[in-house]
Every structure is written in C-alpha cells, then in structure tokens.
Amino acid sequence: MARSAVPSNRPAEPAEPIAITGIGPMLPGAFAVPPFWNNLRTGSSQLGRIDLGEGLGVCVGAQLGPFEVQEVLPGLSARHAAKYSREILATMASIKSAWQDTGLDEAGIDPRRVSIILSSSRGLPWRSRHACNRADGTSGMLGSLTASPTNLTAIYLGAQGLMTTISAACVGGHHALGVALRELRAGSSDAVLVGGYDFPLVPDVMGVFQELGLLSRERDQPGRAVRPYNRDRDGTALGEGAITLCLERVSTVRARGARVYAHILDHQALNEAGHATRMDLSGRMTADLLIRAVTEVGRSVDEIGYVCGHGTATRANDLAECQALKALYPHRRAEELPPLGSNKPIYGHTLGAAGIINVAATALMLHHQSLAPTINISDVDPDCAQDHVADGPRPATLDLAVSLAFAIGSQTSVVILGASA
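Per this note's numbering, the very first residue in the sequence shown carries number 557; after that it's consecutive.
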C-alpha cells in the first residue's frame, strides 16, 4: 500500500480531558505511590543481580520482592489466593491500590460503570504445578490466561463494566489508555482502571533477549546496567511487576472534589508499516505523530516542557527519540529542545507495563512540578546531545508533557498529558 500523509481529523473543539485520580504500583521497591515517586525523583535504581541458572547464569533485572497477600488484597480468601499465581496476585494488588487511591470505594459508584483494561506483552506463564492443584485443572487455567488478572480483580472489586486485556508489545500500555479514553468519552464508563503487567524474569524470555543482543552485559554494578542516551550504553535490562491508573472524566472528578495527579489530553498511535523490529530512525514519523496529537488538543508543540522517552538504552531506540525531537524543532539548537528522559534505569524494561509506568511517572512530574532525572548518563552520545536531566531532580514549571512508546512491529505511540491546575 502507498504511504499517505498523517490525517488531520482535527475536531472542532478538543475532547474533554481525562483525569488520573489513582495510581497503583506493584513494582520493585514500590508498592505505593510515595516510594514509586521517591525512586524516580532520587534516581534509586531497583536493578539487581539475578541467578537464573539453566545456562544463563547471573543476569540483571528489576525483581519484584515478596509481599503479604492479606496486606495488599484484604478480604481475599486464603482458599482463592492459593489458586492464584504470584503474578496474578501482584497485578490484582496493583489494581486494588489504584482503586483505593481514588477514594471511589467510598463514593458509591455504579459497579456497571467501572471497567478494567490491562496490557501485557506476553501474558502469564503456563505453570504445570498450578494445573495440578485441582483435578479439573481450573487453577492451571487461572494461572495462565492473559485475561485472568482482569477478570479475577473484577470479581474481587465487584466491577461489572468492560473487562479486557490488550497485547501489543511495548506500546500495549498506551493502547490500553487509548481504549480507556474512548470508553470514558463515549460515556460508557464513569471510571476505568487501566494498567499493565509483565513478569519476564524467567529463563525462556531472558534467553531470547540475550540471543538478540538486547540485554546489557553489565554485572558488577547492576544499577548502571541501563544507560540511555550514553555513549557506552550496551543494552537494556528487564523488569517485572504491575502498575495501574484510575481514569475519570474531569467533570465527574470536579463534582466530587477529588485529587487529580494530571490530565490525559490525547493518545495517538501509528504503525509505520516499515521494519519488523526497528522504528523510523529519521524521527520524522514520530514528529508528525506528535504534531497531530498536540494540535488535536488545541495546543502547540512549543508548549511541550518534557518528554518521557521509551529510553531502552539501545542505540536504535535512543537515536529515534532524539531524532524525533530534532525533527519536531528543526530550528532549535540541542540545548533548546525539551528535556528527554527515561525511567528504565530505575525499573528496567517492563514490556507491556512500560507505557503505563511512563504515563504515571510523567503525571507525578506534573503533579509535583519536578523533573525526575535520567541516571547513568556520564558521557552523552553525540547523536543524543541534548538535555536529559542527568544532574538530578529539577524543579520545573511544567504544563504540557509527552510520553513516548515504541514496539516491535514498527509501532509508535504518544500520550499527551497536562497539569491538573
């Protein structure tokens, strides 16, 4: 098919902003919003050494620590908890945490208007030991179906709206947000819990990433394994966990006087229909997508104050992002470009959860009016020579920000966020 120009279906007026009213992390070193933000703000990497054996030996990854089920999922019966895998329980806890963070459990919302939309790139692993828990194999089914965390949390919370799980590799979190925005703006739901989960720190997944040469070879200093935009970067590191946002229409939130972290203004996605494993390295297509997204919400690219990059510390990804900003602002010098940062040195690459982590991190930067640093930058790649907030947390007057995501299959995605006040 011939390529066409990016369509400009600009609405007469921008759609109503959507408020982020809850954040629920179940990530390494962060089972609540304060430690999640503190790790980002202080640049406290959660990457460590992991011995996977099976010929892989010691690898580096961000591993979710132990948790008490009754503390994170109060009221879940021990009988049911015993049937669910660690991955399911952690994801359920993330959704529950976001729900509690909103205060909606006290608001008497109609359960038929509460939806849950998740993203996962791989799903949950098949585990024969779970299949053996019951003769009919029910536990094994619950432990392996990608939709299980969504559906089981709906039962736990009593939510009766749309329940679905999206798989779109590393842009899946953004895509889940896009579905949530449509659901809310169509008036089909009043609250949407939208999240991502992935647990890739298992030999089969890590082995594939190693064979592809995508993983950092750093072992002695695991906290320095991921070095985005740095001259000596040598790959990424994977992380596991789950994170959920609760979204509501701004008009609904104002009516109940709830706290808002930030507004989501728009989501736009593009399949470049190019290379199966690499994005457009000129940055032009991403720049065009950003122009389209910002214009459709009645704003200008000149208002963008921060870009939360995908930031995997692979050369192709880093170069594509930096080139996109250069293409977006062709007449600006490098030091005049908006800061471009990455949180993957903190939590690793969480695949289907990465887009949600990016949006949550960006929302908190808007909320606190502070830019989180990109750690491990000591010698910037000349092709990435711009501001990456490498000098530590930075106070900012921030009103408009962007979250970027890229994925295998030449997928590109952007989320536009605005300050809540």
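All residues carry an ideal CB built from backbone N, CA and C; glycine is no exception.
Helix, strand or coil at His1001 according to DSSP, with G and I counted as helix: Limits of the chain in this structure are 557 at one end and 977 at the other, which puts residue 1001 out of reach.
Counting Cβ pairs closer than 8 Å, one from the segment 811 to 818 and one from the segment 961 to 972, do we hit at least three? no
Report yes if the CB atom of Ala977 is closer than 8 Å to the CB atom of Leu954, and no otherwise. no
Checking 8 Å against the spacing of the C-beta atoms, do Leu629 and Ala649 come in under that value? yes
Beta-bridge partners of Pro951, as assigned by DSSP: Paired residue(s): Ser926.
Whether Gln824 touches Leu845 by CB criterion (8 Å): yes
Cβ-based burial, Thr577 [other Cβ within 10 Å; buried from 16]: Per the 10 Å Cβ criterion, buried.
Short of 6 Å in beta carbon distance, which residues of its chain neighbour Ser745, apart from the five on each side in sequence? Order them along the chain. Correct list, in chain order: Arg669, Ser671, Gly717 and Glu739.
Need the endpoints of the beta strand (DSSP E) that Ser969 sits in, please. Gln967 to Gly974
Boundaries of the beta strand (DSSP E) in which Pro581 is found, first to last residue: Ile574 to Met582
8 Å contact criterion, which Ile673 and Ala732 should meet: CB distance rounded: About 5 Å; that satisfies the 8 Å criterion.
Quick check on Ala691: buried or exposed, where buried means 16 or more other Cβ atoms within 10 Å of its Cβ? Note that Ala691 scores a pLDDT of 47, beneath 50, so its modelled location is shaky; the value from the coordinates is reported in the next line. By the neighbour-count rule (16 or more Cβ atoms within 10 Å), Ala691 is not buried but exposed.
Residue range of the unbroken beta strand (DSSP E) whose run includes Tyr785: Unbroken run through Tyr785: none, as it is neither H nor E.
Own chain, CB closer than 6 Å to Leu920, minus 5 neighbours either side, in chain order: Trp593
I'd like the list of long-range same chain contacts for Asp657, defined as Cβ closer than 8 Å, with 5 residues on each side in sequence excluded. Thr577, Gly578, Ile579, Gly580, Val589 and Cys802
If you drop the 5 nearest sequence neighbours on each side, which residues of the same chain put their C-beta closer than 6 Å to that of Ala872? Arg834
Identify whether Val816 lies in helix, strand or coil by the three-state DSSP scheme. coil
Report the three-state DSSP secondary structure of Tyr979 (helix, strand or coil). As displayed, the chain neither begins before 557 nor continues past 977, which places residue 979 out of reach and without an answer.
Tell me the rounded alpha-carbon separation between Leu973 and Val735. 16 Å
Tell me whether Arg773 sits in a helix, a strand or coil according to DSSP, three-state version. coil
Could you give the first and the last residue of the continuous beta strand (DSSP E) run that contains Thr800? Gly797 to Arg805
Would Gly908 pass as a contact of Ser677 if the rule is Cβ separation under 8 Å? yes
Assuming Pro584 and Gly621 are in contact, meaning their beta carbons sit under 8 Å apart, how far apart are those beta carbons, in whole angstroms? 7 Å
What is the DSSP secondary structure of Ile651, reduced to helix, strand or coil? In the structure shown, Ile651 sits in a helix (DSSP, three-state: H, G or I).
Three-state secondary structure assigned by DSSP to Thr842: Of the three classes helix, strand and coil, the one that applies to Thr842 here is helix, per DSSP.
Could you give the residue range of the alpha helix (DSSP H) that holds Ala977? It is not in any alpha helix (DSSP H) - Ala977 carries neither H nor E in the DSSP assignment.
Going straight from the alpha carbon of Arg773 to that of His866, what length do you get? 20 Å
At a cut of 8 Å, does the segment 893 to 908 reach the segment 857 to 864 through at least three beta carbon pairs? Cβ pair count under 8 Å is three or more, so yes.
Ala876 and Leu837 - do their beta-carbons sit closer together than 8 Å? yes
Please report the distance separating the alpha-carbon of Leu927 from that of Ala880. 20 Å
Checking the sheet assignment: what are the DSSP bridge partners for Ala825? Ser969
Quick one: what does DSSP say Ser704 is sitting in, helix, strand or coil? Here Ser704 carries a helix assignment [DSSP, helix/strand/coil].
Thinking Arg783 and Asn932 are a contact (beta carbons under 8 Å), I'd like their distance in whole angstroms, please. 4 Å
For Ser966 and Gly830, which I take to be in contact (beta-carbon distance under 8 Å), what is that distance rounded to the nearest angstrom? Correct: roughly 4 Å between the Cβ atoms.
On a Cα-Cα basis, can you pick out the residue from Gln925, Asp939, Asp943 and Ser969 that is closest to Arg1002? What is shown of the chain runs 557 to 977, which leaves residue 1002 out entirely.
What does the Cβ neighbour count give for Val764, buried or exposed, with the cut at 16 atoms within 10 Å? exposed
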